[in-house]
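Asks: Here the working numbering is used: the first residue of the sequence shown is 226, the next is one more, and so on. Pasting a structure below so you can have a look.
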Amino acid sequence: MIDYELLRAEAARHPYPLLFATISGAHLYGFPSPDSDYDLRGAHVLPARDAVGLLPKRETIEFAGLRDGVEMDLVTHDVHKFFSMLLKRNGYVLEQLYSPLVVRTTPEHEELKSIAEGCITRHHSHHYLGFAATQWELLRKHDPPRVKPLLYVYRVILTGICLMRTGRVEANLLRLNEEFQLPYVAELVARKVAGPEKGTLAAAELKFHEGEYARLIALLERAGAETRLRSEPESRDALNHLLVRIRLRDMSSK
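Listed below in structure tokens is the structure:
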């Protein structure tokens with residue numbers, strides 16, 4: 226059960242107006258444990274005088290700590306930085322933008338979601354391939370290997386395949402698996418959610434998942450090669466116009 230009241234209170238503490246704030250991490254991916262922290266992500270709006278001045282800008286705001294006994298991890302970027310990241314092959318910001326777990330929204334958030342569809346390109350497959358490789362290495366570093374990073378591996382690969390095939394951003398592993406029908410996913414999620422005592426893999430299990438990792442990576446590579454997605458983002462002008470409107474609105478309100 227997500228404590229939206231706690232998260233809205235955290236968003237209200239932010240030093241700048243928020244374009245949006247959403248939940249990422251295990252809650253978004255569909256396998257939060259009882260002790261999972263909250264990952265709050267979003268975009269904020271620096272005052273126009275700060276954004277255009279020569280003084281150092283707080284382009285990224287971060288907080289990690291306890292709120293009412295709950296671990297909280299907040300990261301937001303100024304709209305200029307966030308929009309710039311959308312124009313790159315950055316799957317993180319896409320997942321944050323399209324997260325259905327919304328804590329704070331604005332009309333511009335909805336507009337940005339529409340514009341950002343034109344930022345999704347075939348090159349986002351490289352983001353998910355690299356992210357999956359990183360998570361696989363993290364899995365192999367632990368002895369015994371843990372279920373949590375394995376779930377991240379599968380989530381990342383399936384999100385990438387889905388994005389390449391459909392242009393749709395889906396980060397929830399259980400919803401993804403409604404299409405992919407991997408028979409072991411539900412059991413792995415149940416083990417992770419149950420807690421640390423069931424959260425490790427036996428050697429025979431790891432051997433099986435090595436084969437699945439290789440098979441699914443090949444599927445992601447093929448999906449990236451065969452996708453009909455554009456090669457370059459087509460929303461630069463629209464993002465620029467939205468950014469200028471946001472800055473001018475701030476100036477006119479002073």
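Ideal placement from N, C-alpha and C gives every residue a C-beta, glycine not left out. Quantities reported herein were computed from a predicted structural model and do not represent experimental measurements.
DSSP state of tyrosine 263, grouped into three classes?
Replies: Correct three-state label for tyrosine 263: strand.
Asks: Just confirm the distance between the C-beta atoms of phenylalanine 288 and leucine 398, as a whole number of angstroms; I'd bet it's less than 8 Å.
Replies: In fact, because the Cβ distance is near 27 Å, the residues do not count as touching under 8 Å.
Asks: Span of the beta strand (DSSP E) holding leucine 244?
Replies: Counting along the chain, the beta strand (DSSP E) containing leucine 244 begins and ends at 243-249.
Asks: Since serine 456 and threonine 346 are thought to touch, with beta carbons under 8 Å apart, how far apart are those beta carbons, to the nearest angstrom?
Replies: So it is a contact: roughly 6 Å between Cβ atoms.
Asks: Under three-state DSSP, which class holds aspartate 228?
Replies: Residue state, collapsed to three classes: coil.
Asks: Quick check on the burial criterion: 16 or more other C-beta atoms within 10 angstroms. Buried or exposed for valine 277?
Replies: Valine 277 should be labelled exposed.
Asks: Check whether the Cβ atoms of serine 261 and glutamate 320 sit closer than 8 Å, and answer yes or no.
Replies: In this structure, glutamate 320 does not lie closer than 8 Å to serine 261 by Cβ.
Asks: Strictly by DSSP, which residues pair up with valine 295?
Replies: Note: valine 295 sits in a beta bridge opposite Arg292.
Asks: Out of curiosity, what's the CA-to-CA distance linking arginine 233 and leucine 243?
Replies: Spanning the two alpha carbons is a distance of roughly 11 Å.
Asks: Pairing CB atoms from the stretch 327-342 with CB atoms from the stretch 356-376, are three or more of them under 8 Å?
Replies: Touching, no.
Asks: With a threshold of 16 other CB atoms inside 10 Å of the CB of glutamate 235, please say whether the residue is buried or exposed.
Replies: Glutamate 235 is buried by the Cβ-count criterion.
Asks: Quick one: Cα of glycine 316 to Cα of histidine 352, how far?
Replies: About 6 Å.
Asks: Measuring straight from C-alpha to C-alpha, what distance separates arginine 393 and proline 374?
Replies: In a straight line, the C-alpha of arginine 393 is about 24 Å away from that of proline 374.
Asks: Let me make sure I understand the geometry here. Which of Val270, Arg440 and Ser350 has the alpha-carbon closest to that of arginine 472?
Replies: Nearest option by C-alpha distance: Val270.
Asks: Just mark alanine 428 as buried or exposed, buried being the case when its beta carbon has 16 or more other beta carbons within 10 Å.
Replies: Alanine 428 should be labelled exposed.
Asks: Using DSSP with H/G/I as helix, E/B as strand and the rest coil, what is isoleucine 382?
Replies: Residue state, collapsed to three classes: helix.
Asks: Roughly how many angstroms lie between the CA atoms of leucine 444 and isoleucine 386, to the nearest whole one?
Replies: Their Cα atoms are separated by approximately 7 Å.
Asks: Are isoleucine 286 and proline 240 closer than 8 Å when you measure CB to CB?
Replies: Against a cut-off of 8 Å, the Cβ pair of proline 240 and isoleucine 286 comes out as a contact.
Asks: Roughly how many whole angstroms lie between the Cα atoms of histidine 466 and aspartate 475?
Replies: Answer to the nearest angstrom: the Cα atoms are 14 Å apart.
Asks: Is DSSP giving histidine 302 helix, strand or coil here?
Replies: In this structure, histidine 302 counts as strand in the three-state DSSP scheme.
Asks: Relative to the C-alpha of glutamate 451, which candidate in Arg390, Gly294 and Tyr409 has its C-alpha closest?
Replies: Residue Arg390 is the option with its Cα nearest to glutamate 451.
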